[in-house]
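Chains as they are written, first to last, in the numbering used here: chain W, 1 to 232; chain X, 1 to 186.
Below is one structure; the comments refer to it alone.
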């Protein structure tokens, strides 16, 4: 009997230790069943559980009476987040994972100061992008020159038909690659301010109907592409 | 409409999504702030610290491995920052003495019992627990953390979590008995 009593005492203590989590509903299913079996058989454990619930209510009320942080915390925090360069480096690291090796290398080559300038340029590009989008409604292809560098003495001068693409920041490299393969696109130049890429989608002299089809395909992928328009 | 889970939000934060970050902050800032207040009594300093904690959330979101819940991860960071801040304060020990002195200056448990009802007496007695006991009571009852989550936040073994909580409750009972309220346990 002595042995059994000691085991019972040990189990009782073990159950007693679990009661706070049982009251809070944060016990595992196995321990919950163990506690429920014990309190069903032991009235003193049920009384103890009532005390635990009183303590729980008091602790909760005490915490709820504590102050909340002021609004200035979030304001200051967001200012600091805006000033953080870390995410650009993070984006570069992720981009290195696949087709964007090339893009990642470009970013990683940039000095922090250059990245800061790039961020400024990106802000400027938002204004430019607004113009580009607006021009889409007006309709003259030449209007898209705004976001293009124009011909230069590199691969960017290769003959062909081009579009300007802005990818969503949340698009992953795999989706971007698949979409480019779908339209037989090749990135020729970029990222330009605002994150635009100049993409070759066909030979020079590609019909307007074919170009429109490519643009419609790209525009249909809103999860990946945030902007697309013809480019020179 | 189903709201995003913390896990979804942290993935979006890792990609630089500011809206997700604001949502995560709105969801957790009050509880994390109150947890920090357990260590840092000064509200202004606690606000500075919570800013530091969430800035780390922004910076380190891509390193979140999902082994624990997001709130446990954040509370762990908050605890580390709060304790680091206390260590930096050369008179941290003095603060503990001050806290003891404040408790001494407060009404005695007997007076408390005369003045307030039972629930208020429990609250006052919880407030008089040691920082270690106060912390675990807060984590279990207010933050609703499981045994393993408390172990992760406080960085102690799970068995120690259980015994620490047990002795916190015993100490609370002693304080209640001193206040003239015998609840029949242990």
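Each residue gets a CB set at the ideal place from its N, CA and C atoms; glycine is no exception.
Here the structure is a predicted model, which means the values were calculated and not measured.
Original post:
residue 188 of chain W and residue 228 of chain W look like a contact to me (Cβ under 8 angstroms); what is the Cβ gap, rounded to whole Å?
Top reply: Residue mapping note: residue 188 of chain W aligns to position 188 of the first chain, counting from 1. Residue mapping note: residue 228 of chain W aligns to position 228 of the first chain, counting from 1. That belief does not hold up - the Cβ atoms of residue 188 of chain W and residue 228 of chain W are roughly 15 angstroms apart, past 8 angstroms.
**OP:** Assign residue 44 of chain W to buried or exposed, taking buried as 16 or more other Cβ atoms, counted over all protein chains shown, within 10 Å of its Cβ.
**Re:** Position 44 of the first chain, counting from 1, holds the residue named residue 44 of chain W. Around the C-beta of residue 44 of chain W, fewer than 16 other C-beta atoms lie within 10 Å, and the residue is accordingly described as exposed.
Subject >> For residue 141 of chain X, the nearest candidate out of W:64, W:60 and W:81 (CA to CA) >> reply: Translated into the one-based positions of the second chain, residue 141 of chain X becomes position 141. Among W:64, W:60 and W:81, the Cα nearest to that of residue 141 of chain X belongs to W:60.
**OP:** Starting from residue 126 of chain X, follow the alpha helix (DSSP H) in both directions and report where the run begins and ends.
**Re:** Counting from 1 along the second chain, the entry for residue 126 of chain X is found at position 126. Run containing residue 126 of chain X: 118-127, per the alpha helix (DSSP H) assignment.
**OP:** Take the Cβ of residue 221 of chain W as the centre, count every other Cβ of all protein chains shown within 10 Å, and call the residue buried at 16 or more, exposed below.
**Re:** Sequence index remark: in the first chain, residue 221 of chain W carries index 221 (1-based). A residue is called buried when at least 16 other Cβ atoms come within 10 angstroms of its Cβ; residue 221 of chain W meets this threshold and is buried.
**OP:** Decide if residue 46 of chain W is buried, meaning its Cβ has at least 16 other Cβ atoms within 10 Å, or exposed.
**Re:** By 1-based counting over the first chain, the position of residue 46 of chain W is 46. Residue 46 of chain W should be labelled exposed.
Subject >> the region 26-43 of chain X: positions lying closer than 7 angstroms to chain W by Cβ >> reply: Residues passing the 7 angstroms Cβ filter: 29, 30, 33, 34, 37 and 43.
**OP:** Please go through the same chain and pick out, in chain order, the residues whose beta-carbon is closer than 7 angstroms to the beta-carbon of residue 171 of chain X, but skip the five residues on each side of it.
**Re:** Residue 171 of chain X sits at position 171 when you count from the first residue of the second chain. These residues qualify, in order along the chain: 129 and 133.
Original post:
Taking only runs of the alpha helix (DSSP H) that begin and end inside the region 8-57 of chain X, which ones reach a length of at least 4 residues, in chain order?
Top reply: Within the region 8-57 of chain X, the complete alpha helix (DSSP H) segments of 4 residues or longer fall at 18-37, listed in chain order.
**OP:** Taking only beta carbons into account, state which residues of the region 74-88 of chain X come closer than 8 angstroms to chain W, listed in chain order.
**Re:** Against chain W - using a Cβ distance shorter than 8 angstroms - the region 74-88 of chain X contributes no residues.
Subject >> Any C-beta of chain X under 9 angstroms from that of residue 176 of chain W >> reply: Indexing the first chain from 1 puts residue 176 of chain W at position 176. Cβ-Cβ to chain X under 9 angstroms: no for residue 176 of chain W.
**OP:** Please list the partners that residue 183 of chain X has in chain W, where partner means a Cβ-to-Cβ separation under 8 angstroms.
**Re:** Working through the second chain from its first residue, we reach residue 183 of chain X at position 183. Taking the beta carbon of residue 183 of chain X as reference, the chain W residues within 8 angstroms of it are 51 and 54, listed in sequence order.
Original post:
Tell me which same chain residues have a C-beta within less than 7 angstroms of the C-beta of residue 153 of chain X, skipping the five on either side of it?
Top reply: Here residue 153 of chain X is taken as the residue at index 153 of the second chain, counted from 1. Excluding sequence positions up to five before and after residue 153 of chain X, its CB lies within less than 7 angstroms of the CB of 72, 75, 76, 79, 139 and 145, all in the same chain and listed in chain order.
Subject >> Secondary structure of residue 30 of chain W, DSSP reduced to three states >> reply: For the purposes of this step, residue 30 of chain W is taken as residue 30 along the first chain, with counting starting at 1. Residue state, collapsed to three classes: helix.
Subject >> Cα-Cα separation, residue 91 of chain X to residue 39 of chain X >> reply: Residue numbering aside, residue 91 of chain X sits at position 91 when the second chain is read from its first letter. Residue numbering aside, residue 39 of chain X sits at position 39 when the second chain is read from its first letter. With a pLDDT of 49 at residue 91 of chain X, under the threshold of 50, the predicted position of this residue should be treated as unreliable, though the coordinate-derived value follows. The straight-line gap from Cα to Cα measures roughly 14 angstroms.
Original post:
Comparing the C-beta of residue 47 of chain X with each C-beta of chain W, is any distance below 9 angstroms?
Top reply: Mapped onto the second chain, residue 47 of chain X falls at position 47. Cβ-Cβ to chain W under 9 angstroms: yes for residue 47 of chain X.
Original post:
So is residue 92 of chain X in contact with chain W if we call contact Cβ pairs under 9 angstroms?
Top reply: In the second chain, counting from the first residue as 1, residue 92 of chain X sits at position 92. With a pLDDT of only 46 at residue 92 of chain X, under the threshold of 50, the placement of this residue in the model should not be trusted; the figure read from the coordinates follows. Answer no: the Cβ-Cβ gap between residue 92 of chain X and chain W never drops below 9 angstroms.
Subject >> Residue from W:55, W:215, W:11 and W:56 with nearest C-alpha to residue 41 of chain W >> reply: Numbered from its first residue, the first chain carries residue 41 of chain W at position 41. The shortest C-alpha separation from residue 41 of chain W is found at W:11.
**OP:** Give the interface partners of residue 47 of chain W over in chain X, defined as CB-CB distance under 8 angstroms, in chain order.
**Re:** In the first chain, counting from the first residue as 1, residue 47 of chain W sits at position 47. Residues of chain X with a Cβ closer than 8 angstroms to the Cβ of residue 47 of chain W are, in chain order, 184 and 185.
**OP:** Starting from residue 226 of chain W, trace the beta strand (DSSP E) both ways and give me its first and last residue.
**Re:** Sequence index remark: in the first chain, residue 226 of chain W carries index 226 (1-based). Per DSSP, residue 226 of chain W is one residue of the beta strand (DSSP E) stretching across 225-231.
Original post:
Roughly how many whole angstroms lie between the Cα atoms of residue 151 of chain X and residue 65 of chain X?
Top reply: The residue you call residue 151 of chain X lines up with position 151 of the second chain. The residue you call residue 65 of chain X lines up with position 65 of the second chain. If you take the alpha carbons of residue 151 of chain X and residue 65 of chain X, they lie about 17 angstroms apart.
**OP:** Using three-state DSSP, classify residue 182 of chain X as helix, strand or coil.
**Re:** The residue you call residue 182 of chain X lines up with position 182 of the second chain. Three-state result, residue 182 of chain X: coil.
Original post:
Where does residue 105 of chain X sit, in a helix, a strand or coil, going by DSSP?
Top reply: As a first step, residue 105 of chain X must be located in the second chain, where it is residue number 105. The pLDDT assigned to residue 105 of chain X is 46, lower than 50, so where the model puts this residue is not dependable; a value taken from the coordinates is nonetheless given after this. Residue 105 of chain X sits in a helix when the DSSP states are folded into three classes.
Subject >> Neighbourhood of residue 19 of chain W by C-beta, 8 angstroms cutoff - its chain only, sequence neighbours within 5 removed >> reply: Position 19 of the first chain holds residue 19 of chain W. Excluding sequence neighbours, residue 19 of chain W sits near 35, 45, 48, 49 and 52.
Subject >> N- and C-terminal bounds of the alpha helix (DSSP H) containing residue 165 of chain W >> reply: Counted from its first residue, the first chain places residue 165 of chain W at position 165. For residue 165 of chain W, there is no enclosing alpha helix (DSSP H); the residue is found in the beta strand (DSSP E) stretching over 161-167.
Subject >> Beta-carbon gap between residue 149 of chain X and residue 26 of chain W smaller than 9 angstroms >> reply: Within the second chain, residue 149 of chain X is the residue found at index 149, counting from 1. Within the first chain, residue 26 of chain W is the residue found at index 26, counting from 1. It is a contact, given that the beta carbons lie within the stated cut-off.
Original post:
Quick one: is residue 20 of chain W near chain X, going by C-beta distance under 9 angstroms?
Top reply: Here residue 20 of chain W refers to the residue found at position 20 when the first chain is read from its first residue. So yes, residue 20 of chain W belongs to the interface.
**OP:** Starting from the N-terminal side, write out each stretch of the beta strand (DSSP E) that is 3 residues or longer and does not extend beyond the region 128-174 of chain X.
**Re:** Runs found: none.
Subject >> Euclidean distance between Cα positions of residue 71 of chain W and residue 30 of chain X >> reply: Here residue 71 of chain W refers to the residue found at position 71 when the first chain is read from its first residue. Here residue 30 of chain X refers to the residue found at position 30 when the second chain is read from its first residue. A direct Cα-Cα distance of roughly 11 angstroms separates residue 71 of chain W from residue 30 of chain X.
Subject >> Residue interval of the alpha helix (DSSP H) (run including residue 9 of chain W) >> reply: Start at 1 with the first residue of the first chain, and residue 9 of chain W comes out as number 9. For residue 9 of chain W, the uninterrupted alpha helix (DSSP H) segment begins and ends at 2-24.
Original post:
Should residue 127 of chain W be labelled buried (16 or more other beta-carbon atoms within 10 Å of its own) or exposed?
Top reply: Your numbering for residue 127 of chain W matches position 127 in the first chain. Its pLDDT being 48, under 50, residue 127 of chain W is placed unreliably by the model, and the measurement read from it follows with that caveat. Its Cβ having fewer than 16 others within 10 Å, residue 127 of chain W is exposed.
Original post:
Tell me the DSSP bridge mates of residue 189 of chain W?
Top reply: If you number the first chain from 1, residue 189 of chain W lands on position 189. As DSSP reads the structure, residue 189 of chain W sits in a beta bridge with W:198.
**OP:** Examine chain X for any beta-carbon lying closer than 9 angstroms to the beta-carbon of residue 70 of chain W, and answer yes or no.
**Re:** Taking the first chain and counting its residues from 1, one reaches residue 70 of chain W at position 70. Closer than 9 angstroms to some Cβ of chain X, the Cβ of residue 70 of chain W qualifies, so yes.
Original post:
Where does the unbroken alpha helix (DSSP H) through residue 208 of chain W begin, and where does it stop?
Top reply: Taking the first chain and counting its residues from 1, one reaches residue 208 of chain W at position 208. Looking at the DSSP string, the run of the alpha helix (DSSP H) that includes residue 208 of chain W is 208-219.
**OP:** Assign residue 46 of chain W to one of three DSSP states: helix, strand, or coil.
**Re:** The count along the first chain starts at 1 and reaches residue 46 of chain W at position 46. DSSP places residue 46 of chain W in helix when its eight states are reduced to three.
Subject >> Distance CB(residue 58 of chain X)-CB(residue 81 of chain W) smaller than 9 angstroms >> reply: As a position in the second chain, residue 58 of chain X is number 58, starting the count at 1. As a position in the first chain, residue 81 of chain W is number 81, starting the count at 1. Yes, they are a contact pair.
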